[in-house]
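Reviewing the structure listed below.
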Amino acid sequence: MRCIYCKGTCVKKGIRNSVQKYRCKECSKYFQAAHKKSRRQRYMLRIGMLTCRGCGIRDISVLLQLPKTTVQRWLLRLAAKCTYKPHFEPGSVFEVDELRTFCGHKRQEHWVLYGMERSSGRIVCMLNGPRNRLNLQQVIDTILLWQPQCIYTDGLPVYRSIVPVTKHRVFRRCTNHIERHNLTLRQHIRRLSRHTLGYTRSAEMLTAVLQIYCFVKGT
Ligand SMILES: [Zn+2]
Numbered sequence: 139m140r141c142i143y144c145k146g147t148c149v150k151k152g153i154r155n156s157v158q159k160y161r162c163k164e165c166s167k168y169f170q171a172a173h174k175k176s177r178r179q180r181y182m183l184r185i186g187m188l189t190c191r192g193c194g195i196r197d198i199s200v201l202l203q204l205p206k207t208t209v210q211r212w213l214l215r216l217a218a219k220c221t222y223k224p225h226f227e228p229g230s231v232f233e234v235d236e237l238r239t240f241c242g243h244k245r246q247e248h249w250v251l252y253g254m255e256r257s258s259g260r261i262v263c264m265l266n267g268p269r270n271r272l273n274l275q276q277v278i279d280t281i282l283l284w285q286p287q288c289i290y291t292d293g294l295p296v297y298r299s300i301v302p303v304t305k306h307r308v309f310r311r312c313t314n315h316i317e318r319h320n321l322t323l324r325q326h327i328r329r330l331s332r333h334t335l336g337y338t339r340s341a342e343m344l345t346a347v348l349q350i351y352c353f354v355k356g357t
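Okay, structure coming up:
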């Protein structure tokens, strides 16, 4: 056993709460071999994995025998920790698309807007909200930071005014990769699946789930 502070030699120095304590001979500090993970830490990873495998909050609550409110709270906490920072080489090829869903009510339309690098399938910028110029501009601006070779989009008229003409490509079936990825998203995230009662009730939870999904996919 080596000291966790100075890597010096240590001796056993008593047991407290059934945990062996050590004392360093050089720096005289006390420590223990490893700290037990809290209940939340043990569950958080499983909650993240289940979220990305088609389970909703109620499914996770039943499977892990946790209250629904606890699952919700821990999901938000996990999302705050999942900081996804992808890297792309200049000259990459991107596709941009919008995914239609609902928020709060089945009559209330909501959109997930994002870009994807074609060869690696990694997600560039994912945000949800109305399908308007402001939000799409944010996605395109993030992609332009990576100096793309070209950006493929569908025929939505607003793209013509926000993507530089030299980099913009629109033709039939040019967004096949991202369209296929939309189906994967609908398969893997419960609240995006179509023709079911599983839709998102709050935009905040949708953002959290997408953040966890991007992180799990990107790593
Ligand atoms: Zn030490």
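Last residue of the sequence shown: number 357 in our numbering, and the count goes up by one each step with no gaps.
No residue lacks a Cβ here, since even glycine has one placed at the ideal position from N, Cα and C.
Source: prediction; values computed, not measured.
For Ser199, which residues from the same chain have a beta carbon less than 7 Å from its beta carbon, with the 5 sequence-adjacent residues on both sides left out? Pro205, Lys206 and Val209
Which whole runs of the alpha helix (DSSP H) in the region 204-242 are 4 residues long or more, in chain order? 206-219
Alpha carbons only, please: which of Ser257, Tyr168, His243 and Gly242 is nearest the one belonging to Glu233? Ser257
Going by beta-carbon coordinates alone, are Asn273 and Leu294 separated by less than 8 Å? Not closer than 8 Å, so no.
When DSSP labels each residue in this structure, what does Glu247 get in the three-state scheme? DSSP places Glu247 in the strand class (E or B) of the three-state scheme.
Pick from Pro268, Ile142, Gln276 and Arg178: whose alpha carbon is nearest that of Arg238? Pro268
Count the CB pairs spanning the region 303-319 and the region 240-251 that are closer than 8 Å, and state whether there are at least three. No, they do not touch.
Near Glu236, which residues of its chain fall below 6 Å by C-beta distance, leaving aside the five closest residues on each side in sequence? Non-local beta-carbon contacts of Glu236 in its own chain, meaning distances under 6 Å to residues more than five positions away in sequence, involve Trp249, Leu251 and Arg269 in chain order.
For His319, three-class secondary structure by DSSP: Under the three-state reduction of DSSP, His319 is assigned to helix.
Please determine whether the Cβ atom of Tyr143 lies at a distance below 7 Å from any heavy atom of ligand 1. yes
For Gly194, three-class secondary structure by DSSP: Gly194: coil per DSSP, three-state reduction.
Distance check for Ala218 and Lys145, CA to CA, integer angstroms please. In a straight line, the C-alpha of Lys145 is about 33 Å away from that of Ala218.
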